[in-house]
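Chain order of the listed sequences is A and B. The numbering of the first sequence is this note's numbering, which starts it at 24 and goes up by one. The numbering of the second sequence is this note's numbering, which starts it at 24 and goes up by one. Each residue gets a CB set at the ideal place from its N, CA and C atoms; glycine is no exception.
Number of protein chains: 2
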Amino acid sequence: MKNGETAVSKATVSRMPAYLRYLKGEAGKGVEYVSSAAIAKDLGLSAVGVRKDLALVSSRPGKPRFGFEIRLLIEDIEKFLGYHRWTNAVIIGAGGLGRAILAYEGFENYGIHVIAAFDASPAKVGAVGGKPVYPMEQLPDIARRNGIRVAILTVPRAAAQEACDEIVAVGIKAILNFAPVHLHVPEGVTVRYEDLAVSLAALCGESAGDQI
Amino acid sequence: MKNGETAVSKATVSRMPAYLRYLKGEAGKGVEYVSSAAIAKDLGLSAVGVRKDLALVSSRPGKPRFGFEIRLLIEDIEKFLGYHRWTNAVIIGAGGLGRAILAYEGFENYGIHVIAAFDASPAKVGAVGGKPVYPMEQLPDIARRNGIRVAILTVPRAAAQEACDEIVAVGIKAILNFAPVHLHVPEGVTVRYEDLAVSLAALCGESAGDQI
DNA sequence: GCATAATCGATAAATTTTTATCGATTATTA
DNA sequence: TAATAATCGATAAAAATTTATCGATTATGC
């Protein structure tokens, strides 16, 4: 807690997406209220922890005997996470993964427009799922005109650093990197690593722990 | 620290993949030694923290004046994370994302064989990147014969819980879920959520924090 | 209308994780 | 060969996070 602007811990923030996913699921089933104990049980957390987390982001307190109103809670968490602010994003690398992400519609629910993909290979240029794939040369122009703030990097490992440099040169400050490579970026640029293999390996490790 | 078997904190474990990625990158450039200070600088951590993490997994101490020997460190971390144990995995849902993952070769580096995909739609059956796509009905048979321990779930949101139930019924104990849905699973089954939209949204939030 | 049971929110304790400090070790270099 | 600078590992302090406890609130059922 440095100056009052961020009184919410990182650990709490990291649990918010799980709450949101859970609450939306319950809302979809027609449930209107949910207790901290119920959330904790389904998500494998402690009820006290859940209450603490929710107290930090919810605008209205929970009702004794009922719990929290799901609809309000979803609104509050979305507002807290900033899903109400729209962001434009692009994909760099139109291989299998890049094209799959380009076709994925789920981002719109989170305030993110993925507007196009770019690829160094002319063979990949065209369109996927109604969205355009441009040659890499057009990145600076299109990115600047559309105020792109985020890039999703889905190029092969060997091309990652070079592509990263191009992204940075355009002024993009946030990169979601799917290439299993450590990227060197200047100060002020945020990289988030999304290594599918690591996720899977971690999962194996977790579930294997019991068996040894 | 309950009984001496797990004296390594979760936080430390969660940083290991980043170390590994970084070290492999440096090794690829021909570097042989690296200091805790250098790692910390590039990864945005504290040198003391890096030393503490590495002390817990490395078999040999670092050399004063040189740092750690990268080759040994990579071996130690891989051993620690269990990448030496082989695991068979399958993909459930052969849409765009499922096919992209099926074609991805990177898993082999982490001790994971993705042997096949399954899909409820007959139209999807066939092969991708040399790997077979089977109809969903064959999951129990093939999974049991190959000792499948992990499933990667890439079906649409609406089909996720049903597919999850089928996976669980087969006896698979670990699921990497790409559908943006909370899954209800029995005790003993581990689910890891890999919500691309959330990752991206979180990234936007991080980089947006400065600008408000 | 009143006792009851379920739930919340706040405060306090315990645990975990991070950061700081300092002596010990080892290659470099004069 | 001896002084120096860089780095480590261990111990201690600080900060963050999780867990426990308890009185307050509110719908339910008699």
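- Look at the stretch 103–136 of chain B: the residues with a C-beta under 9 Å from a C-beta of chain A are L104, G105, Y106, R108, T110, A112, G118, G119, L120, G121, R122, A123, I124, L125, A126, Y127, G129, F130, E131, N132, Y133, G134 and I135.
- Along the stretch 177–198 of chain A, the positions whose C-beta sits under 7 Å from a C-beta of chain B are K196 and A197, read in chain order.
- In this structure, I114 of chain A places its C-beta atom within 7 Å of the C-beta atom of I124 of chain A.
- Cβ-Cβ distances below 7 Å link R38 of chain B to D76 in the same chain, with the five nearest sequence neighbours on each side left out; the list follows chain order.
- Look at A224 of chain A: its C-beta is under 7 Å from a C-beta on chain B.
- Rounded to whole angstroms, the Cβ separation of Y133 of chain B and A220 of chain A is 5 Å, and the two are in contact under 8 Å.
- Cβ-Cβ separation between L162 of chain B and Q184 of chain B: approximately 16 Å, too far for a contact (criterion under 8 Å).
- Each residue's CA atom was taken as its position, placing R88 of chain B and K33 of chain B some 30 Å apart.
- By the criterion of at least three beta-carbon pairs nearer than 8 Å, the stretch 146–157 of chain B is not in contact with the stretch 127–145 of chain A.
- With fewer than 16 neighbouring CB atoms inside 10 Å of its own CB, K102 of chain A falls in the exposed class.
- Burial state of L96 of chain B is buried, judged by a 10 Å Cβ sphere holding 16 or more other Cβ atoms.
- Out of B:G48, B:E210, B:A174 and B:G67, the CA that lies nearest to the CA of I198 of chain B is found in B:A174.
- For G90 of chain A, DSSP records a beta bridge to A:K86.
- About 6 Å separates the beta carbon of Y157 of chain A from that of A139 of chain A, a gap short enough to meet the 8 Å contact definition.
- For E210 of chain B, the nearest beta carbon of chain A is not closer than 7 Å to its own beta carbon.
- Around the CB of S82 of chain B, fewer than 16 other CB atoms lie within 10 Å, so the residue is classed as exposed.
- Annotated as distal: A117 of chain A and V137 of chain A, with beta-carbon spacing of 7 Å or more.
- Every alpha helix (DSSP H) of 4 residues or more that sits fully in the stretch 166–222 of chain A is shown, in chain order, as 183–193.
- Residue-level contact by beta carbon fails for R88 of chain A and chain B, as no gap is shorter than 7 Å.
- Counting the other CB atoms within 10 Å of its CB gives P179 of chain A a total below 16, which places it among the exposed residues.
- Take N200 of chain A, set aside five residues on each side of it, and the residues of its chain with a beta-carbon closer than 8 Å to its own are L176, A183, C187, L206, V214, R215, Y216 and E217, in chain order.
- Taking a beta-carbon distance threshold of 7 Å, E217 of chain B counts as an interface residue toward chain A.
- CA-to-CA, the gap between V31 of chain A and N169 of chain B works out to about 46 Å.
- When the beta-carbon positions are compared, V208 of chain A and V191 of chain A come within less than 7 Å of each other.
- Taking each of B:F91, B:A166, B:S59 and B:V73 in turn and checking the Cα distance to K196 of chain B, the smallest one comes out for B:A166.
- In the three-state reduction of the DSSP assignment, A123 of chain B falls in the helix class, which pools H, G and I.
- Exposed is the label assigned to E131 of chain B, since fewer than 16 other Cβ atoms lie within 10 Å of its Cβ.
- The criterion of a C-beta distance shorter than 7 Å is satisfied by S59 of chain A and R74 of chain A.
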